[in-house]
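To start, the structure under review is shown below, and the notes come after it.
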Amino acid sequence: MPSADEDRSTRVIVRGLVGAARTAVRRVGLLVAPSLDATLGRENVDVVPATMDTRDAIIAGLAIALGVAAFGIAEVLVRAIALVTNIAFFQRVSTASVSPADNHLGYFVVLVPVAGGLIVGLMARYGSRAIRGHGIPEAMEQILTNDSKIPLRVTFLKPASAAVAIGTGGPFGAEGPIIATGGALGSVIGQVVKVTAGERKTLLAAGAAAGMAAIFGTPIAAVLIAIELLLFEYRARSVVPVALAAAAAGGMRVIFHGGGPVFYMPELVAPNPSTAIVATFAGALVGMTSTYVTRFVYAIEDRFERLPIHWMWWPAIGAAAVGVIGIWQPRTLGVGYDNIEAALSGSFTTGAIAALCAAKFVSWAIALGSGTSGGTLAPLLTFGAGMGWLLADAVTHFFPHAGIDPRVGALVGMTAMFAGASRALLASITFALESTQEIHAVVPIVAGVSLAYFASCLMMRTTIMTEKLVRRGVRVAAEYEVSPLAHVTVGSLASTSIRSLEADARVGDAIQSLARHQAYPVVREGRLIGVVTSRELLAADPGVEVESLIARPPVTASANEVARVAVERMANEGVGRLVIVDEDDPHRVIGMLTRSDLVTAFARHEAEPEHD
Numbered sequence: 004m005p006s007a008d009e010d011r012s013t014r015v016i017v018r019g020l021v022g023a024a025r026t027a028v029r030r031v032g033l034l035v036a037p038s039l040d041a042t043l044g045r046e047n048v049d050v051v052p053a054t055m056d057t058r059d060a061i062i063a064g065l066a067i068a069l070g071v072a073a074f075g076i077a078e079v080l081v082r083a084i085a086l087v088t089n090i091a092f093f094q095r096v097s098t099a100s101v102s103p104a105d106n107h108l109g110y111f112v113v114l115v116p117v118a119g120g121l122i123v124g125l126m127a128r129y130g131s132r133a134i135r136g137h138g139i140p141e142a143m144e145q146i147l148t149n150d151s152k153i154p155l156r157v158t159f160l161k162p163a164s165a166a167v168a169i170g171t172g173g174p175f176g177a178e179g180p181i182i183a184t185g186g187a188l189g190s191v192i193g194q195v196v197k198v199t200a201g202e203r204k205t206l207l208a209a210g211a212a213a214g215m216a217a218i219f220g221t222p223i224a225a226v227l228i229a230i231e232l233l234l235f236e237y238r239a240r241s242v243v244p245v246a247l248a249a250a251a252a253g254g255m256r257v258i259f260h261g262g263g264p265v266f267y268m269p270e271l272v273a274p275n276p277s278t279a280i281v282a283t284f285a286g287a288l289v290g291m292t293s294t295y296v297t298r299f300v301y302a303i304e305d306r307f308e309r310l311p312i313h314w315m316w317w318p319a320i321g322a323a324a325v326g327v328i329g330i331w332q333p334r335t336l337g338v339g340y341d342n343i344e345a346a347l348s349g350s351f352t353t354g355a356i357a358a359l360c361a362a363k364f365v366s367w368a369i370a371l372g373s374g375t376s377g378g379t380l381a382p383l384l385t386f387g388a389g390m391g392w393l394l395a396d397a398v399t400h401f402f403p404h405a406g407i408d409p410r411v412g413a414l415v416g417m418t419a420m421f422a423g424a425s426r427a428l429l430a431s432i433t434f435a436l437e438s439t440q441e442i443h444a445v446v447p448i449v450a451g452v453s454l455a456y457f458a459s460c461l462m463m464r465t466t467i468m469t470e471k472l473v474r475r476g477v478r479v480a481a482e483y484e485v486s487p488l489a490h491v492t493v494g495s496l497a498s499t500s501i502r503s504l505e506a507d508a509r510v511g512d513a514i515q516s517l518a519r520h521q522a523y524p525v526v527r528e529g530r531l532i533g534v535v536t537s538r539e540l541l542a543a544d545p546g547v548e549v550e551s552l553i554a555r556p557p558v559t560a561s562a563n564e565v566a567r568v569a570v571e572r573m574a575n576e577g578v579g580r581l582v583i584v585d586e587d588d589p590h591r592v593i594g595m596l597t598r599s600d601l602v603t604a605f606a607r608h609e610a611e612p613e614h615d
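Going by the numbering used here, the first residue of the sequence shown is number 4, and it counts up by one from there.
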């Protein structure tokens, strides 16, 4: 657990960020409450879900600050990986980016990943077990089961463990740990500042999206991956802060690293029909393969689970395999973003890219299955790009005059592997376009990735992101749809043929004229003052006034409010009915909405066939 000093220092930092956000919001003309704590502590206003208010402006301000901080974390982690790589493989102190493939350690290179695995195992056992894995499933689990609460120590231990694991040759990308760390930072801010669980989830997703944008310079894809994998919803008050965080991180990347693509490709011309068709079918085949990639990784993990030794030692065992494979294929060691770029630019020979993809896959699957710390996105992109290139090249071998460009096959394959393994369809398509800035390939990308997504859905019910959660009994929604109650108004469902009771009427007289209703509005001079139930009337003394039975103020709704808002209000207030009042005169009763009315509306929608 974090110490009291850590908590105090974190609170000081976060409150400073909050103050800065409040000042920024004021300067653009928004009316921010004088007391931030009071503003963030009040209850949500019952409005149509897409409406924004001052509270959302504060969350958006925090998200912008979070995006800048996530960029800083990404920079520190990238340099930390480079530092560990230089020390471990070249025995020098430097933060300059270098590939471990250029080492001259010979067979002793095996010892480097093993040493890193031992350190990661110790950090996981005595620091936090949450640092194991590639980050996104762990963030999803905290969102679904723990109100998006991630311990403060994970914010420090996750990037530190990733720097050690990747810097000592782990075949992972830096993006997963940075996404996880950005999400953890957002969660910590949401625990220090008084926010709701939903707002904390938004901050977590904002930090994660900012981490991805900081690494790849792909803010649109970062927003979409947050929507598809973390938010589990699409609302303005959730999406806008995430988008602002990603934009802030992406903007910082442009300032410090320029606006060029993270994966440079020689400029493509518009693919000819042959290339587009071959690349599309290559995407479908890669999508099918992605399901076997997921199965293989979890099969390896199952084998580790059966080992008769403590899980602390598993990363070192997996690292031994990484080192042995690294002797044969040095390019499998480390992040390997240069491998992706080489595949996209056509710099590999057929044999070289086939050997690299096979070796990288085995090395990564064993390492990830061992429970070490690292990301999955870069390895998936490597496999997909290699497969797409090989498939396009194979067709070229049989049809040499078709003019097929294997680079387009590599680009589509890279994206298809991402989409098939993660089921983040829109994020995958956008990522391909943003990371390479090759808009000419948009048609085969969209077609091939859509087929890959479709094939993955047909062949496997879980993904590489959700399989672990499902095994732990956590239900993860695979599809999101708007509630049917968000499309209808309260007035269209409420009963208008109701009977009101006068406040000064005697209970005995009221009982004589009861209708078949379970509750009745109580009015005085035509103005609503409360609600009584049939059970309360029948149990009361016949001589008392009806008004004496009112236990609480009435819970009301207007006829033009969305039915979903009415459901939320019923749940929050603990009532089974709402009195419908005139919007212009909130004391005039015009109807009553019950739980039965809402259930009937929902059942009517569910009874409609999904297909014609």
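Ideal placement from N, C-alpha and C gives every residue a C-beta, glycine not left out.
Classification of residue i by the beta-carbon crowding that lies within 10 angstroms, buried from 16 upward
| i | result |
| --- | --- |
| LEU541 | exposed |
| LEU347 | buried |
| THR499 | exposed |
| GLU470 | buried |
| GLN145 | buried |
| TYR110 | exposed |
| SER97 | exposed |
| SER551 | exposed |
| ILE580 | Strictly speaking, residue 580 in this sequence is Arg, with Ile absent from that position. ARG580 is buried by the Cβ-count criterion. |
Residue i - DSSP class collapsed to helix/strand/coil
| i | result |
| --- | --- |
| ILE553 | coil |
| TYR237 | coil |
| LEU380 | helix |
| ARG598 | helix |
| LEU461 | helix |
| THR603 | helix |
| GLY176 | strand |
| LEU517 | coil |
| ARG478 | coil |
| LEU336 | coil |
| THR199 | coil |
| ARG509 | strand |
| SER190 | helix |
| SER498 | strand |
Cα-Cα separation, residue i to residue j
| i | j | result |
| --- | --- | --- |
| VAL525 | GLU505 | 6 Å |
| ALA302 | ALA163 | 27 Å |
| MET462 | LEU428 | 16 Å |
| TRP317 | LEU147 | 27 Å |
| TYR237 | ALA455 | 24 Å |
| GLY75 | LEU125 | 26 Å |
| ALA381 | TYR340 | 7 Å |
| PHE93 | MET291 | 40 Å |
| ARG306 | SER131 | 23 Å |
| ALA513 | GLU571 | 32 Å |
| GLU231 | MET468 | 11 Å |
| ALA368 | THR294 | 13 Å |
| GLY594 | GLY511 | 24 Å |
| PHE159 | VAL79 | 11 Å |
| LEU531 | PRO556 | 10 Å |
| VAL446 | GLY254 | 28 Å |
| ALA213 | VAL568 | 31 Å |
| ILE553 | THR536 | 9 Å |
| GLY186 | ALA273 | 38 Å |
| ALA216 | ARG519 | 60 Å |
| VAL112 | GLY349 | 29 Å |
| HIS443 | ALA166 | 36 Å |
Close-in-space but distant-in-sequence residues of the same chain around residue i (CB under 8 Å, 5 per side omitted)
| i | result |
| --- | --- |
| LEU2 | Because the chain in this structure spans residues 4 to 615, residue 2 falls outside the shown range and cannot be described. |
| ALA604 | PRO487, LEU488, VAL491, LEU496, ALA566 |
| ASP600 | LEU496, ALA497, SER498 |
| SER190 | GLN145, SER151, LYS152, ILE153, ARG203, LEU206, LEU207, GLY210 |
| THR466 | THR297, ALA424, SER425, ARG426, SER459 |
Cβ neighbours of residue i in the same chain (closer than 6 Å, five flanking residues each side left out)
| i | result |
| --- | --- |
| ASN563 | THR492 |
| PRO116 | THR171, GLY172, ALA322, VAL325, GLY326 |
| ALA208 | ALA229, LEU233, LEU234, VAL245 |
| ALA224 | ALA430, THR433, PHE434, GLU437 |
| ALA127 | ILE134, ARG135 |
| MET420 | VAL289, SER293, LEU383, PHE386, GLY387 |
Cβ-based neighbour list, residue i, same chain, cut-off 7 Å, excluding 5 preceding and 5 following
| i | result |
| --- | --- |
| ALA287 | GLY451, LEU454, ALA455, ALA458 |
| VAL81 | ALA177 |
*Whole runs of the beta strand (DSSP E) within the region 409–456, excluding any shorter than 3 residues*: Listed in chain order, there is nothing to give.
*Entirely within the region 521–599 and at least 3 residues each: give me those beta strand (DSSP E) ranges in chain order.*
Within the region 521–599, the complete beta strand (DSSP E) segments at least 3 residues long are 522–527, 530–536, 559–561, 580–584, 592–597, listed from N- to C-terminus.
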